[in-house]
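Working notes for the structure below.
There are 2 protein chains.
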Amino acid sequence: MALDDSKSNAGSDKSVKGRLLDTAEGLFCERGFKGTSIRDIAASAGCNIASVNYYFGSKEGLYEEVWHRHLIPMRDSRIASINKVMSRAEGRHNLEDLLRSFADTFVGSMVDTSKTSRLSKLMAREYIDSHLPTDMFVNEVMTPTISAMHRALMKTCPDLDESKVLPIVFSVIGQLVHLVHIKTMFEHSGDDLSLPIFDSNEIIEHIVKFSAAGIRAYTGK
Amino acid sequence: MALDDSKSNAGSDKSVKGRLLDTAEGLFCERGFKGTSIRDIAASAGCNIASVNYYFGSKEGLYEEVWHRHLIPMRDSRIASINKVMSRAEGRHNLEDLLRSFADTFVGSMVDTSKTSRLSKLMAREYIDSHLPTDMFVNEVMTPTISAMHRALMKTCPDLDESKVLPIVFSVIGQLVHLVHIKTMFEHSGDDLSLPIFDSNEIIEHIVKFSAAGIRAYTGK
DNA sequence: GATATATTCAAACGATTGTTTTAAACTAAC
DNA sequence: GTTAGTTTAAAACAATCGTTTGAATATATC
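For the protein sequence lines, the chains are A and B, in the order given.
The working numbering applies: residue 1 is where the first sequence begins, and numbers increase by one.
The working numbering applies: residue 1001 is where the second sequence begins, and numbers increase by one.
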């Protein structure tokens, strides 16, 4: 309720299938899978209820296709942001730059805010209420991302114990996912929280500083 | 499905109201609010469907009462664990001890595993799909806990900038909540994940070390 | 233009949801 | 034993869910 994006995609030049995907993505990440009905989706997309089953077979099918069109780009974007930092500054790799780049891509605070930020919320939901094949998210995104971070971290901190990379990545991702949660909480609670104001960029800078120090606790220097 | 705890509370010596609360708590944290039906709860508790509305007025009423009986004890437990560390070792307060104590109470890995661990899951869900009054969780648990950690951190690290305490607490809590998520993922996916084995205590020790270093990045020494 | 295929639509399907009803069973007080 | 109040029980409630149907419409192919 109070989303007032009903029919926001209606009359768009995109195809019915495209409108359904866009609309469903927004509703899924705002209200969750169970909280979003096919009737809601169809109404917001401005098309018939049956069209969901016509194009995607089922509600689950639509949910999976919402993910499928983002999983690979998402993974590639994260890996690319990691590799970009690693390629520049040939001689001396900067840990803070690596973390900041990863965090920005993760939270989506820089460009493409709406799309990336929505995906972050969707992913945060998927952690708890999974409606995807179990291995899908782990294999398609998590494992490749962790691998890329693994390589980058080992390159940046050569004397880092390899067994510590996974917990470190978990710590960084945990902070970032939590940042998305807090952001979502603030958006939903009408700014009447008794907590101080919340600037994503400030928090990201904190996470970078905090995590860099945490990582260096495992290095000799 | 495959929980096979149906009627696990049936025939218990507790009252119907108590059985409903216990059963609902377990189902809510495993399947979420929307994923748990009143019929599921009543069947598992071994009583009639109407009893939920008879004792709690509504499904939401039951959910709120599930929370209510734990919120204050939860808050007090966390604050107590913080204060306990701060009271002992009068002269020299140890940052690692503070973090470890807080983490243990948060994740519930030490004693009372089932109860505390279940609440952690429930809380992780509440972050995303809130079915409580907006201020309730923030006012009853988050704010008091943060305040206690604030005081303890300032006492342990006297030269810490006060404005950095909140982001630091967020970082620690973010890692802990994420740990609960990962644990839940492992439990639900039949141990077929391609990720290495996962020992909560090891991860907690990592979070302690990682966070202590992150915090000291803000102190002079 | 006729045919075949693809898409849209309103309507209904069966199942499940939270909730209410109505009566029976139980418990205690007098 | 009767009464009054509390608790349990089965059934039905209206609403909503995902899905399917079958006819109507649009689009393309020849």
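Every residue, glycine too, gets a C-beta built ideally from N, C-alpha and C.
All figures in this text were calculated on a predicted structure; none of them were measured in a lab.
Cβ-Cβ separation between Leu1099(B) and Ala1212(B): approximately 6 Å, consistent with a contact (criterion under 8 Å). Between the alpha carbons of Asp97(A) and Val85(A) lies a distance of about 7 Å. Close to Arg1151(B), with beta-carbon spacing below 9 Å, lies no residue of chain A; the smallest spacing is near 17 Å. Using beta-carbon distances, Pro1167(B) counts as an interface residue toward chain A, with a partner under 9 Å. At a cut-off of 9 Å, the C-beta of Phe1170(B) has a neighbouring C-beta in chain A. C-alpha of Asp1040(B) to C-alpha of Asp1135(B): approximately 29 Å in a straight line. With a beta-carbon spacing of about 7 Å, Ser200(A) and Leu179(A) fall inside the 8 Å limit used to define contacts. Contact of Ile1207(B) with chain A is assigned, a C-beta pair being separated by under 9 Å. In chain order, Ala1124, Ile1128, His1178, His1181, Ile1182, Thr1184 and Met1185 make up the part of chain B whose C-beta sits under 9 Å from the C-beta of Tyr127(A). For Pro144(A), the enclosing alpha helix (DSSP H) covers residues Thr143 to Thr156. Contact annotation: the stretch 1118 to 1133 of chain B touches the stretch 1032 to 1046 of chain B, with at least three C-beta pairs closer than 8 Å.
The three-state secondary structure of His131(A), taken from DSSP, is coil.
Within chain A, the residues placing a beta-carbon under 9 Å from that of Ser1211(B) are Ser171, Phe210 and Gly214, ordered along the chain. The contact set of Lys34(A) on chain B, defined by CB atoms closer than 7 Å, consists of Lys1034 and Gly1035 in chain order.
Of the residues Lys1017(B), Ala1080(B), Arg1088(B) and Asp1076(B), the one whose Cα lies closest to the Cα of Tyr1054(B) is Lys1017(B). Contact between Ser101(A) and Ile82(A) is confirmed by a C-beta separation of about 7 Å, below the 8 Å threshold. Between the alpha carbons of Ala24(A) and Met123(A) lies a distance of about 14 Å. Residues of chain A whose Cβ lies closer than 8 Å to the Cβ of Ile1203(B) are, in chain order, Pro167 and Phe170.
CA-to-CA, the gap between Pro144(A) and Gly1046(B) works out to about 46 Å. If you compare the alpha carbons of Glu1140(B), Val1138(B), Arg1019(B) and Val1172(B) with that of Leu1153(B), the shortest gap goes to Val1172(B).
With its beta carbon at least 9 Å from every one in chain B, Ala24(A) lies outside the interface.
At a C-beta separation below 9 Å, Ala1050(B) has no neighbours in chain A, since its nearest C-beta there lies roughly 24 Å away. Assigned with DSSP and collapsed to three states, Arg1019(B) falls in helix. Against chain A, a Cβ distance below 8 Å from Ala1045(B) picks out nothing, because the smallest value is about 22 Å. Look at Lys1059(B): its C-beta is not under 9 Å from any C-beta on chain A. In the displayed model, Gly1220(B) falls within coil according to three-state DSSP, outside both helix and strand. For Phe106(A), the enclosing alpha helix (DSSP H) begins and ends at Leu95 to Val107. Closer than 9 Å to the CB of Ala1217(B) there is at least one CB belonging to chain A. For Gly1174(B), the nearest beta carbon of chain A is closer than 9 Å to its own beta carbon.
Under the Cβ criterion of 9 Å, Lys155(A) is not counted among the residues facing chain B. The beta carbon of Lys1014(B) sits no closer than 9 Å to any beta carbon of chain A. When rounded, the separation of the alpha-carbon atoms in Val1107(B) and Lys14(A) is 47 Å.
By the Cβ-count criterion, His181(A) is buried, with 16 or more other Cβ atoms from all chains shown falling within 10 Å of its own Cβ.
Asn48(A) carries a coil assignment under DSSP once its states are collapsed to helix, strand and coil. The DSSP-derived three-state label of Thr36(A) is coil.
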